[in-house]
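Engineer:
Protein chains: 2
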Amino acid sequence: MSDSLLEALINLLGERVSTAAVVLAYHGKDESHHATAPPDIVVFPESSEEVATIVRLCAEAQTPIIPFGAGTSLEGGISAVHGGVCIDMTRMNRIIQINVDDLDVTVEAGVTRKQLNTDLRDTGLFFPIDPGADATLGGMASTRASGTNAVRYGTMRENVLNVKAVLADGRLIQTGGRARKSAAGYDLTRMFVGAEGTLGVITEVTVRLYGVPEAISAAVCGFPSIDAAVRCCMLTIQSGIPVARVELLDSAQMRACIQYSDLDSEPVPTLFFEFHGSQASVREQAATVQDIAADFGGGDFQWADRTEDRNKLWQARHDALYAALTLKPGARAWSTDVCVPISRLADCIEETRSDIETSSLTATMVGHVGDGNFHVIFLLDPDRPQDFTEAQRINDRMVTRAIAMDGTCTGEHGVGMGKQHCLVQEFGDALSIMRDLKRTLDPLNIMNPGKIFTVGS
Amino acid sequence: MSDSLLEALINLLGERVSTAAVVLAYHGKDESHHATAPPDIVVFPESSEEVATIVRLCAEAQTPIIPFGAGTSLEGGISAVHGGVCIDMTRMNRIIQINVDDLDVTVEAGVTRKQLNTDLRDTGLFFPIDPGADATLGGMASTRASGTNAVRYGTMRENVLNVKAVLADGRLIQTGGRARKSAAGYDLTRMFVGAEGTLGVITEVTVRLYGVPEAISAAVCGFPSIDAAVRCCMLTIQSGIPVARVELLDSAQMRACIQYSDLDSEPVPTLFFEFHGSQASVREQAATVQDIAADFGGGDFQWADRTEDRNKLWQARHDALYAALTLKPGARAWSTDVCVPISRLADCIEETRSDIETSSLTATMVGHVGDGNFHVIFLLDPDRPQDFTEAQRINDRMVTRAIAMDGTCTGEHGVGMGKQHCLVQEFGDALSIMRDLKRTLDPLNIMNPGKIFTVGS
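In the order they appear, the protein sequences are chains C and V.
Position in the first sequence counted from 1, then plus 3, gives you this note's numbering.
Position in the second sequence counted from 1, then plus 3, gives you this note's numbering.
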C-alpha cells in the first residue's frame with residue numbers, strides 16, 4: 004500500500020478514510036467460517052462519483068478494491084485477501100426514487116432491505132427479497148441473493164432492472180432502464196448481478212417492487228419426519244400452488260428457534276408457509292396445502308394471521324443462523340448452500356443427512372425448499388481444525404451430489420472464497436469464459452481479487 | 004468463400020450442405036423490411052457436435068457464421084451481411100428431456116414453440132412464451148423473445164435455465180444446470196440469451212414449464228379510444244392483478260384482424276385479456292378487470308371460454324402482422340418495438356400516434372401493453388423509398404421518446420441490423436463493455452458479424 008494512495012484518498016474524502024485497526028478488522032470479517040483478512044484502508048464514499056474517483060486512484064496504484072455492504076456475506080466475499088482499499092458503501096444509503104406507478108425503486112447500494120421496506124411502508128408496495136441478514140441492496144445484487152420469498156417473487160436475478168456501476172478503470176455506467184423487458188444488446192445487468200464485486204462496484208440499483216397483497220396468511224406445520232416435510236413441499240410446488248414462502252427447519256433447528264425466538268411450536272421437522280393473494284385465493288391455497296400436508300402426516304396448521312405474529316415467525320426464520328449458534332456456545336457457524344431441481348430434493352437432503360449422522364459434527368438444517376435450496380449449518384469448535392476438515396468433506400460431498408442432480412454448488416450465498424473449487428466441477432470449460440470476462444473487464448485484477456476464482460489459474 | 008471450406012463441410016455433412024440459389028435466398032431473408040443478404044453456403048447439422056465442427060472449420064477459414072431458426076426475425080438478425088455459412092438449425096428439433104416433476108424441458112435449438120407445446124400436451128404442462136411467429140426456441144433465446152404471456156410468465160430472460168452453445172473457437176459449453184436459482188459465478192446463461200448469435204451458436208436450451216391452469220378464460224373488450232384502453236391496462240397492472248395476457252389492438256389493426264381471422268368484433272380500440280388460475284381466482288380477476296374497464300368506458304366483455312374459441316382469438320392476435328399486410332396488398336411490413344415503464348405508456352402511445360397521424364404512412368398498432376411494450380406496424384410501398392425514410396424518422400422519434408422515458412429501443416425484437424444506432428443512445432459508455440465482450444469471445448468476428456453492433460466502430 005503506497006503512502007501516496009492514502010494521501011490521495013484523504014485529499015478526496017478527508018475524515019471518511021480510516022486506517023484504524025478496529026475499523027480494518029471489522030471490514031475484513033463477514034459472517035462466515037473463513038479466515039479474516041483486513042484491508043489496508045477503509046473509505047466511506049457518499050456518491051457514485053466519489054466511488055469512481057476512488058477506483059481510478061486505486062487503478063493507478065494497482066491496488067485491490069473490496070466493496071463492503073453490511074458485512075453479512077457467508078463465503079468470505081468481503082475478505083481483503085490481497086489487502087487493498089475497502090469501499091464501505093453504507094453512507095450511500097439514500098432511496099433515490101420510488102416509482103409507485105411503475106412498481107420499482109432506485110436506491111443507493113448501501114440501502115438495506117429493511118430500510119427499504121420501512122421507507123416503502125406508506126406506498127402499499129414492498130420489496131420481497133430477504134436473505135437472513137439485513138443486507139444491503141448492493142451486496143444482495145452482487146451475490147445474486149434470494150431468501151424466503153424467492154419461490155414466488157424470484158431472486159435478485161429476476162428483480163434487478165438496472166445497476167449503476169463503476170468499472171475497473173473508473174468509468175461509471177448504467178446497465179439498463181426501467182422497462183420490464185428489453186432485447187437491446189447483451190444483458191449487462193445480469194452480468195453485474197452475482198459478480199461479487201469482481202467486475203465493478205455497484206453504486207445504485209433499481210429493483211422491482213410488488214403490491215402488498217390484500218391478504219397474507221402464515222402457518223406452521225410439524226411433520227413426523229424431514230422426508231415427509233420435504234415431500235409435502237415438493238408436491239405443493241409441483242401442483243403449481245403459488246405459495247409465497249415455504250421453509251423447512253429440521254428438529255434441531257426448531258429446538259434452537261423455539262428457544263432463541265420464543266416460538267410456541269414443537270421441536271419436530273417443520274414447514275413455515277406463507278400465502279399471498281386475495282382473501283379467496285389465500286383461503287384456497289391454504290386449504291389445498293393443508294390437504295397435501297395431511298397426506299404426508301403433517302399436524303394441524305398453526306396460523307399466524309396478525310401482522311405481529313407473522314413478523315415474529317419470519318424474524319425467527321431469519322434468525323435461524325444466530326439461533327443455531329446458541330446450540331453450541333462458542334461455536335463458529337458454517338452454512339452450506341446447495342440447490343437442486345425440486346424432484347431431487349428429498350434424495351439430496353436424505354443423503355446429506357446420512358452423511359451428517361455418521362459424522363461427529365453438530366449441525367442443523369434449514370431450507371428454502373420451494374426452490375430446491377437448503378443449508379446445513381455446521382456448528383464448529385474453532386479450536387478443533389479436524390471439525391473444519393470434516394465439514395469441508397461433507398460440504399464437498401453435498402456439492403458433488405447436487406451437481407450430479409443437475410443442481411448448483413450455491414443457491415444464494417455465492418462463491419466468494421469457499422466455493423471456488425466447485426466451479427470447475429459445475430461449469431467445466433465454461434469456467435474459462437468467466438475468466439476471460441474477468442480479464443477483459445478488470446485487466447489489472449484489482450476488483451475484489453481472489454473471489455469467485457483466481458485469475459490465471 | 005474458399006473452395007476448401009465448402010469441400011470440408013461436404014465431407015462432414017454430405018448432402019446436408021447446399022449452395023442452391025433458392026436455398027441461399029431463403030436463408031438471407033427474414034420477416035423484416037431490411038435488405039436481404041444471402042449466405043454463401045447453408046448447412047443442416049443434426050447434432051451439437053456437428054455444429055462444433057462446422058464452427059471450427061469456419062474459424063479456420065475466418066468465415067462468418069449465421070445461425071438460422073425459423074427465419075422469422077424482425078430486425079434482419081439472420082441476414083448474411085458479410086456472406087458466410089448459414090447454420091440452419093431446423094433438423095435439430097428433438098425434445099431431449101421433459102422433466103414433468105421439475106417443470107422444465109431440454110430441447111434442441113430447432114424445436115419451435117408450437118412443436119414443443121404439442122409434445123407437452125399430455126403432460127399437463129405448457130411453455131408460455133409466444134412471439135407472433137412459430138419461432139424456434141434457439142432463435143427465441145437468441146433474441147430474448149417474449150410475446151403475449153410475458154406479463155404473467157416473463158420472457159426468455161426469466162425462463163431459460165441453461166443453454167448448450169458452441170463458442171467461436173468450436174468449444175461446446177453448458178451455461179447452467181436445472182436448479183431454479185444459482186449464485187455460482189457469472190450469469191453466462193443470460194449472456195447468451197439475447198446475444199443474437201454474436202457470441203456463439205445455441206444448440207440446446209432448457210426452459211421452465213408451467214402447469215396448465217385449472218381455469219382459463221379469455222375476453223375481448225372494445226374501448227371508445229386507444230387512450231382509454233391503455234389506461235385500463237395500466238390500472239390493471241398497477242392494481243397487481245395477475246393477468247396472463249393483456250393485448251392492445253388499435254382500430255385499424257382490429258379491422259384487419261376481423262377480416263383476416265374472421266373475428267366477431269367491432270373495429271374499435273380493443274384489449275384482449277386472458278386470466279389463468281383456479282376457477283375462483285379467474286372469476287375474481289375477471290370481475291375486477293371488468294370493473295376497471297367499465298370505468299374507462301369499455302364495452303361488455305365478449306368471452307371466449309371454449310378452448311377452440313380461445314385458440315382462434317390468440318391465433319388472430321399472433322397473425323396480426325399478416326393481417327395488417329392485407330390492408331395494403333403488396334406492402335412491406337416494418338414492425339417497431341419500444342417498451343417503457345407502464346406509467347409512461349399512455350403518453351408514449353399518444354405521442355407516437357400523433358406522429359403517425361401527421362405522416363402519410365399507413366400503420367396499425369398492437370401491443371403487449373401489460374409489459375409497456377407496443378409495436379407500430381408500418382405498411383410500406385416497396386417502390387417508395389420515401390416511405391421507408393419517413394418510417395425511419397418516426398421510428399427514431401419513438402426510440403428517443405422511449406429512452407427518455409427510461410424505456411428501451413426494443414422490448415422483444417432485438418437489435419439485429421435495425422436498432423444499432425439506438426444502442427449508443429440507450430447505453431452510452433456501457434456499449435463499449437458489450438463490444439469488449441464481443442471481442443473477447445469472438446476475436447475473429449465470425450459469429451453473426453454486423454449484428455447488434457459493428458465491432459471496432
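Ideal placement from N, C-alpha and C gives every residue a C-beta, glycine not left out.
Everything numeric in this text was worked out from a predicted model, so none of it was measured.
Are the C-beta atoms of Q177 of chain C and some chain V residue less than 9 Å apart?
Structural biologist: Closer than 9 Å: yes.
Engineer: Considering G141 of chain C, what are the terminal residues of the beta strand (DSSP E) in which it resides?
Structural biologist: It is not in any beta strand (DSSP E) - G141 of chain C instead sits in the alpha helix (DSSP H) that spans 140 to 145.
Engineer: Can you tell me whether M408 of chain V is buried or exposed, with buried defined as 16 or more other CB within 10 angstroms of its CB?
Structural biologist: Counting Cβ neighbours within 10 Å, M408 of chain V comes out buried, since at least 16 surround it.
Engineer: Return no unless some Cβ of chain V is closer than 9 Å to the Cβ of L140 of chain C.
Structural biologist: Answer no: the Cβ-Cβ gap between L140 of chain C and chain V never drops below 9 Å.
Engineer: Any idea if S338 of chain V is buried or exposed, counting beta-carbon neighbours within 10 angstroms, 16 or more meaning buried?
Structural biologist: With 16 or more Cβ atoms within 10 Å of its Cβ, S338 of chain V is classed as buried.
Engineer: Run through chain C and tell me which residues come within less than 9 Å of C351 of chain V, C-beta to C-beta.
Structural biologist: Ordered by position in chain C, no residue passes the 9 Å Cβ test against C351 of chain V, which lies about 11 Å from the chain.
Engineer: Work out the CA separation of G243 of chain C and V292 of chain C for me, nearest whole Å.
Structural biologist: In a straight line, the C-alpha of V292 of chain C is about 11 Å away from that of G243 of chain C.
Engineer: How would you label E207 of chain C, buried or exposed, when you count the other beta carbons within 10 angstroms and need 16 or more for buried?
Structural biologist: E207 of chain C comes out buried.
Engineer: Kindly list, in the order they appear in chain C, the residues whose Cβ is closer than 7 Å to that of R181 of chain V.
Structural biologist: In chain order: P344, D409.
Engineer: Do three or more CB pairs link the stretch 275 to 292 of chain V to the stretch 202 to 219 of chain V at distances below 8 Å?
Structural biologist: Yes: at least three Cβ pairs fall under 8 Å.
Engineer: Find the residues of chain C that neighbour K167 of chain V, judging by a C-beta separation of less than 9 Å, and give them in chain order.
Structural biologist: What K167 of chain V touches in chain C: nothing, since even the nearest Cβ is about 10 Å away.
Engineer: By the three-class DSSP mapping on this structure, what secondary structure does R506 of chain V have?
Structural biologist: Residue 506 of chain V is absent from the model: chain V starts at 4 and stops at 460.
Engineer: Quickly, what does DSSP pair M368 of chain V with across the bridge? List them, please.
Structural biologist: M368 of chain V is bridged to V:V379.
Engineer: Could you check whether the Cβ of E161 of chain V sits closer than 9 Å to any Cβ belonging to chain C?
Structural biologist: Answer yes: the Cβ-Cβ gap between E161 of chain V and chain C drops below 9 Å somewhere.
Engineer: Roughly how many whole angstroms lie between the Cα atoms of N448 of chain V and G200 of chain V?
Structural biologist: The alpha-carbon atoms of N448 of chain V and G200 of chain V are separated by roughly 11 Å.
Engineer: Residues of chain V with CB under 8 Å from V477 of chain C, in chain order?
Structural biologist: Residue coverage of chain C in this structure runs from 4 to 460, which leaves residue 477 of chain C outside it and unanswerable.
Engineer: Helix, strand or coil for P270 of chain V, going by three-state DSSP, please let me know.
Structural biologist: Looking at P270 of chain V - three-state DSSP - the assignment turns out to be coil, as it is neither helix nor strand.
Engineer: Using a C-beta to C-beta distance shorter than 9 Å, which residues of chain C count as neighbours of L426 of chain V?
Structural biologist: The contacting residues are A187, G188.
Engineer: Mind listing the chain V neighbours of A283 of chain C? Cutoff is C-beta to C-beta under 8 Å, in chain order.
Structural biologist: The answer, in chain order, is A283, S284, E287.
Engineer: With which residues is F276 of chain C paired in a DSSP beta bridge?
Structural biologist: Answer is C:A222, C:V249, bridged to F276 of chain C.
Engineer: Please confirm whether K184 of chain C has its beta-carbon closer than 9 Å to some beta-carbon of chain V.
Structural biologist: Closer than 9 Å: yes.
Engineer: Please tell me whether G453 of chain V has its Cβ less than 9 Å away from any Cβ of chain C.
Structural biologist: Chain C contact via Cβ: absent.
Engineer: Is the Cβ of T457 of chain C closer than 9 Å to any Cβ of chain V?
Structural biologist: Answer no: the Cβ-Cβ gap between T457 of chain C and chain V never drops below 9 Å.
Engineer: Alpha carbons only, please: which of V:E354, V:S149, V:L8, V:L266 is nearest the one belonging to S76 of chain V?
Structural biologist: Among V:E354, V:S149, V:L8, V:L266, the Cα nearest to that of S76 of chain V is on V:S149.
Engineer: Tell me whether the beta-carbon of T273 of chain C lies closer than 9 Å to the beta-carbon of G197 of chain C.
Structural biologist: Cβ atoms of T273 of chain C and G197 of chain C: not closer than 9 Å.
Engineer: At a cut of 8 Å, does the stretch 78 to 98 of chain C reach the stretch 58 to 68 of chain C through at least three beta carbon pairs?
Structural biologist: Yes, the stretch 78 to 98 of chain C is in contact with the stretch 58 to 68 of chain C.
Engineer: Are the Cβ atoms of H424 of chain C and G135 of chain C separated by less than 9 Å?
Structural biologist: No. Outside cutoff.
Engineer: For T239 of chain C, which residues does DSSP report across the bridge?
Structural biologist: Paired residues: none, contrary to the question.
Engineer: Return no unless some Cβ of chain V is closer than 9 Å to the Cβ of L444 of chain C.
Structural biologist: It does: the Cβ of L444 of chain C has a partner Cβ on chain V nearer than 9 Å.
Engineer: Within the same chain, show all residues whose beta-carbon is closer than 8 Å to that of N120 of chain V, passing over the 5 residues directly before and after it, in chain order.
Structural biologist: Contacts found: F129, F130.
Engineer: Whose Cβ in chain V lies nearer than 9 Å to the Cβ of A218 of chain C?
Structural biologist: By Cβ distance, chain V contributes nothing, its closest Cβ being about 12 Å from A218 of chain C, past 9 Å.
Engineer: Within 9 Å of any Cβ in chain C, is that where the Cβ of S460 of chain V sits?
Structural biologist: Residue placement at S460 of chain V cannot be trusted, given a pLDDT of 44 that sits under 50; the coordinates are not used to answer.
Engineer: Quick check: the stretch 433 to 447 of chain C against the stretch 412 to 420 of chain C, are there 3 or more CB pairs under 8 Å?
Structural biologist: The answer is no - the stretch 412 to 420 of chain C does not touch the stretch 433 to 447 of chain C, with fewer than three Cβ pairs under 8 Å.
Engineer: Please name the residue in C:A23, C:H36, C:G142 whose C-alpha comes closest to that of I205 of chain C.
Structural biologist: Considering only alpha carbons, the answer is C:G142.
Engineer: Any C-beta of chain C within less than 8 Å: which residues of the stretch 410 to 422 of chain V qualify?
Structural biologist: Correct list: G410, T411, C412, T413, G414, E415, H416, G417, V418, K422.
Engineer: Would you report the Cα separation of T115 of chain C and T93 of chain C, rounded to the nearest angstrom?
Structural biologist: C-alpha separation (whole angstroms): 9 Å.
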